[in-house]
Amino acid sequence: MKTFQDSAGRTWTISMTVDSVKRVRDLMKINLIEPESGDPPLLTRLGMDDLLMLDVIYCLIQPQAEQLNISDTDFAKALGGDAVLSAINAFYEEMVDFFLKRGRTDRAKAVGTQHRMIALAIQRIDGHISRIDPEKVLDETVGS
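Take 29 as the starting number for the sequence shown in our numbering and just add one per residue.
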């Protein structure tokens with residue numbers, strides 16, 4: 029089980045169990061047990077679509093939210109940037125643990141690799157953007 033805090037200071041626990049995986053499947057038609065399935069694969073879709081990822085996370089924590097009378101809209105309102113990052117990191121860590129405990133090291137490695145690749149891609153893109161000189165580009169495009 030992995031935890032994260034939302035922007036309202038509430039702590040949420042992400043726990044992948046057969047029950048929670050079935051809940052995601054029933055509510056979203058997404059099978060977390062097969063992260064390589066689909067075209068593009070589920071892991072890719074989750075990594076590229078933060079809203080999809082956060083909807084999956086809400087499904088995983090839904091029983092906790094219901095106990096606190098927190099709707100999916102209220103949950104989303106309490107997800108600022110730092111809380112989003114924390115929730116997504118907790119999700120990936122929980123997914124890796126789930127597959128390791130099931131003896132599915134292949135799937136655990138795939139999830140862990142996807143998580144690392146996203147972080148590396150962000151670093152590289154940030155580096156490329158940092159090297160852009162807006163004035164120089166504008167001068168080259170429209171002249172000085």
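Even for Gly, the Cβ is constructed at its ideal location relative to N, Cα and C.
Because the structure is a prediction, the values reported are computed rather than measured.
According to DSSP, residue i sits in a beta bridge with which residue or residues?
i, result
"I42", "K30"
Confirm, please, whether the CB-CB distance from residue j to residue i is below 7 Å.
i, j, result
"M56", "T41", "no"
"A93", "F103", "yes"
"V49", "V84", "no"
"S99", "F32", "no"
"A136", "L128", "yes"
"G75", "Q151", "no"
"G140", "V165", "no"
"E121", "M44", "no"
For the alpha helix (DSSP H) that contains residue i, what are its first and last residues?
i, result
"A109", "Checking the displayed sequence, the identity of residue 109 turns out to be Gly instead of Ala. Element bounds for G109: 109-129."
"G140", "133-158"
"D83", "78-95"
"K105", "100-105"
"K164", "162-170"
Can you give the beta carbon distance from residue i to residue j, rounded, assuming they're within the 8 Å contact cut?
i, j, result
"L82", "L107", "6 Å"
Excluding five sequence neighbours on each side, which residues of the same chain lie with their C-beta closer than 6 Å to the C-beta of residue i?
i, result
"T133", "none"
Leaving out five residues on either side along the sequence, give the residues of the same chain with a beta carbon under 7 Å from the beta carbon of residue i.
i, result
"L80", "R73, L74"
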